[in-house]
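Take a look at the structure set out below.
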Amino acid sequence: MNILLVYPEFLATFWSWKHLLKFVAKKSAFPPLGLLTIAAMLPEDWEKRVVDLNVRKLTDEDIKWADFVFVSAMIAQKNSAVEIIERCQVLGAPVVLGGPILETEDSCKEFPSVEHFFLGEAEETLPGFLSDLQASQEKRVYSSERFPDIEISPIPLYRLIDPKDYASGFAQFSRGCPFECTFCNIAHLNGRKWRSKSPNRFLAGIDAMHQAGFRGAVQIADDNFVGKIAKTKEMLSALILWQNARGYPFEFTIEAPVIIADDAELMDLMAQANVKKVFLGLETDNPECLAECQKKQNLHRDLVADVKRIQSSGLIPMSGFIVGFDSDHPDSFVEKMIDFIGQSGICMAMVDVLQAQPGTKLYEKLKQQGRLLRASVSNTDCYPNFIPMMPVETLANGYKKILQKIYSPKEYYKRIREFVSEYDSSKRPRIKITMWDFRAFMRANVWIGILGGPKVSYYYWLSIFTTVFSKKWRALSDVVALQIYRFHFGKVTEEIVNA
Numbered sequence: 015m016n017i018l019l020v021y022p023e024f025l026a027t028f029w030s031w032k033h034l035l036k037f038v039a040k041k042s043a044f045p046p047l048g049l050l051t052i053a054a055m056l057p058e059d060w061e062k063r064v065v066d067l068n069v070r071k072l073t074d075e076d077i078k079w080a081d082f083v084f085v086s087a088m089i090a091q092k093n094s095a096v097e098i099i100e101r102c103q104v105l106g107a108p109v110v111l112g113g114p115i116l117e118t119e120d121s122c123k124e125f126p127s128v129e130h131f132f133l134g135e136a137e138e139t140l141p142g143f144l145s146d147l148q149a150s151q152e153k154r155v156y157s158s159e160r161f162p163d164i165e166i167s168p169i170p171l172y173r174l175i176d177p178k179d180y181a182s183g184f185a186q187f188s189r190g191c192p193f194e195c196t197f198c199n200i201a202h203l204n205g206r207k208w209r210s211k212s213p214n215r216f217l218a219g220i221d222a223m224h225q226a227g228f229r230g231a232v233q234i235a236d237d238n239f240v241g242k243i244a245k246t247k248e249m250l251s252a253l254i255l256w257q258n259a260r261g262y263p264f265e266f267t268i269e270a271p272v273i274i275a276d277d278a279e280l281m282d283l284m285a286q287a288n289v290k291k292v293f294l295g296l297e298t299d300n301p302e303c304l305a306e307c308q309k310k311q312n313l314h315r316d317l318v319a320d321v322k323r324i325q326s327s328g329l330i331p332m333s334g335f336i337v338g339f340d341s342d343h344p345d346s347f348v349e350k351m352i353d354f355i356g357q358s359g360i361c362m363a364m365v366d367v368l369q370a371q372p373g374t375k376l377y378e379k380l381k382q383q384g385r386l387l388r389a390s391v392s393n394t395d396c397y398p399n400f401i402p403m404m405p406v407e408t409l410a411n412g413y414k415k416i417l418q419k420i421y422s423p424k425e426y427y428k429r430i431r432e433f434v435s436e437y438d439s440s441k442r443p444r445i446k447i448t449m450w451d452f453r454a455f456m457r458a459n460v461w462i463g464i465l466g467g468p469k470v471s472y473y474y475w476l477s478i479f480t481t482v483f484s485k486k487w488r489a490l491s492d493v494v495a496l497q498i499y500r501f502h503f504g505k506v507t508e509e510i511v512n513a
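Okay, structure coming up:
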């Protein structure tokens with residue numbers, strides 16, 4: 015049996031990191047972790063190939079070779095996924111489709127030519143498909159009512175890809191999130207019960223990634239890294255030992271709620287394990303909006319002070335922000351969001367217009383109210399997929415103003431200075447600068463510092479020199495990295511504004 019596992023191409027969004035890849039000479043940001051895990055679950059005697067369209071083109075010969083084409087996709091990959099499915103239909107290759115793109119069973123109706131659908135986690139759905147396939151009794155839709163113990167999840171088959179193609183490794187410690195944010199579909203996709211691997215199982219995957227040749231950045235693909243803080247601390251303690259024994263080959267990015275600011279021991283363990291970036295779902299500092307979306311964990315807190323504590327612990331916060339809540343005031347939401355982001359010193363601020371995703375409480379509420387316009391959502395759309403309370407053009411234009419302001423060279427420089435004033439990089443292990451780091455620095459000097467245009471170049475060099483000639487000079491490599499991120503965010507902003 016020949017199995018072709020295809021990962022669709024990402025749109026150029028904040029999350030694709032497309033415009034920063036040239037600085038690190040990589041083809042894509044992350045490897046297709048889900049497909050590599052599925053490959054490890056397939057029979058050993060089956061032939062398997064992975065084609066990541068973010069790395070190379072899919073050929074007709076690839077498709078003709080396959081007995082089945084497995085496609086896993088997220089919403090931001092939908093256009094590419096549709097093209098893949100159409101090509102497979104023309105060439106007679108049956109498609110098996112899964113991933114977050116299938117949020118509900120109704121989503122399957124959008125892909126009429128797909129042979130089989132997997133709804134839910136593959137550890138539950140794939141075994142049934144393989145058993146039915148052997149008996150020639152395959153069903154069209156495979157779904158599960160329960161969430162599996164991810165301790166049984168196999169180590170991804172990293173040998174099917176070339177680590178040199180990717181800017182970051184990808185690993186997973188847990189799934190699920192106990193919170194109930196109305197706009198988030200994690201509870202629907204992965205459940206509210208937080209499930210984690212044992213430290214030994216997680217480290218086995220990290221070790222396999224290390225042996226495959228990955229080095230440097232690693233994204234831990236968890237919905238909530240700290241769903242059970244005691245278990246996370248246990249894992250971090252083991253990870254510190256693993257990192258120390260190997261000279262700290264990895265620096266990690268995780269996703270966690272802002273409440274980590276309350277636990278100094280947790281943040282210290284993260285820093286010692288060389289967790290570098292923490293994605294926080296701050297969304298907004300408007301308490302009415304937070305109450306509206308049931309983001310209770312962010313209510314009754316000084317969110318800016320929380321961010322400062324996280325920065326002073328040696329971690330680099332990044333965050334998502336949302337506009338378009340019913341409680342957002344049309345006359346003030348733009349200025350309030352700009353001020354909130356500026357005061358926080360969060361440089362990597364991903365701002366989105368609120369979208370109602372199928373499977374969320376928000377989706378059901380808006381559907382009942384007759385305000386839903388379409389089921390599909392977009393990560394780069396200035397317009398919501400529902401009728402907002404404020405005039406829709408006010409929302410769209412305000413969103414564009416926010417992006418243009420926060421990613422202007424001057425405002426971004428101000429946030430870098432705000433960040434550096436609180437940041438304490440000495441809390442993390444000191445890692446030698448690699449040749450890859452040096453090359454990225456030199457490319458940034460040319461592409462941003464010389465060719466970036468007068469304003470961009472001026473604030474680039476100003477951020478460099480004000481850091482070098484300060485007590486925080488050890489943060490220089492982080493400041494350069496943040497300027498490279500601004501290059502990416504700036505390009506995506508231009509694409510959104512000019513669309």
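Using the working numbering, the letters of the sequence shown map in sequence onto residues 15 to 513.
Beta carbons: idealized from backbone N, C-alpha and C, even for Gly.
Mapping the DSSP letters down to three states, classify residue i as helix, strand or coil.
i	result
Ile447	coil
Asn68	coil
Met15	coil
Arg315	coil
Ile220	helix
Thr426	Rather than Thr, the amino acid found at residue 426 in this sequence is Tyr. Tyr426 falls in the helix class under three-state DSSP.
Val289	strand
Ile115	coil
Gln233	strand
Pro177	helix
Leu386	strand
Arg209	strand
Ile169	coil
Asp366	strand
Met281	helix
Val83	strand
Arg189	strand
Phe266	strand
Just to confirm, are residue i and residue j a CB contact at a threshold of 8 Å?
i	j	result
Val506	His33	yes
Ala235	Leu47	yes
Val83	Ile89	no
Ser11	Glu302	For residue 11 there is no data in the structure shown, the boundaries of the chain being 15 and 513.
Thr374	Phe339	no
Gly359	Phe433	yes
Val232	Gly190	no
Leu133	Glu119	yes
Lys247	Leu280	yes
Leu174	Leu217	no
Gln103	Pro22	no
Gln357	Val391	no
Gln257	Asn288	yes
Phe239	Lys211	no
Met223	Ala185	yes
Phe161	Gly205	yes
Phe197	Leu380	no
Let's test the definition: count the other Cβ atoms within 10 Å of the Cβ of residue i and tell me whether it reaches 16, buried, or not, exposed.
i	result
Thr73	exposed
Pro126	exposed
Leu116	buried
Ala259	exposed
Ser150	exposed
Trp487	exposed
Pro57	exposed
Leu100	The residue you asked about is not Leu; residue 100 is Glu in the sequence shown. Counting Cβ neighbours within 10 Å, Glu100 comes out exposed, since fewer than 16 surround it.
Arg209	buried
Lys8	No information on residue 8 is available, as it lies outside the stretch 15 to 513 that the chain covers here.
Please report the distance separating the alpha-carbon of residue i from that of residue j.
i	j	result
Val38	Ile200	31 Å
Phe293	Tyr427	20 Å
Asn312	Leu304	7 Å
Phe347	Val406	13 Å
Glu349	Asn512	22 Å
Ala95	Met55	22 Å
Gln497	Arg431	12 Å
Gly113	Ser491	36 Å
Phe28	Gln148	43 Å
Tyr156	Asn459	51 Å
Lys469	Trp79	52 Å
Glu26	Ile510	Position check: residue 26 holds Ala in this sequence, whereas Glu was assumed. Going by the C-alpha atoms only, they are around 10 Å apart.
Ile308	Glu194	Position check: residue 308 holds Gln in this sequence, whereas Ile was assumed. Cα to Cα, Gln308 sits roughly 6 Å from Glu194.
Ala87	Lys40	21 Å
Gly261	Leu250	16 Å
Ala244	Leu283	12 Å
Legend entry - Touching by the beta-carbon criterion (3+ pairs, under 8 Å), the stretch 315 to 334 and the stretch 363 to 379: Contact holds: three or more Cβ-Cβ distances are below 8 Å.
Inset, instruction - Spell out a yes or no on whether the stretch 469 to 480 and the stretch 416 to 427 are touching, meaning 3 or more CB-CB pairs, one atom from each, closer than 8 Å. - result: The answer is yes - the stretch 416 to 427 touches the stretch 469 to 480, with three or more Cβ pairs under 8 Å.
Inset, instruction - Specify whether the stretch 158 to 165 and the stretch 48 to 57 touch according to this definition: at least 3 beta carbon pairs, one from each stretch, less than 8 Å apart. - result: Between the stretch 158 to 165 and the stretch 48 to 57, the count of C-beta pairs closer than 8 Å stays below three; the two stretches do not touch.
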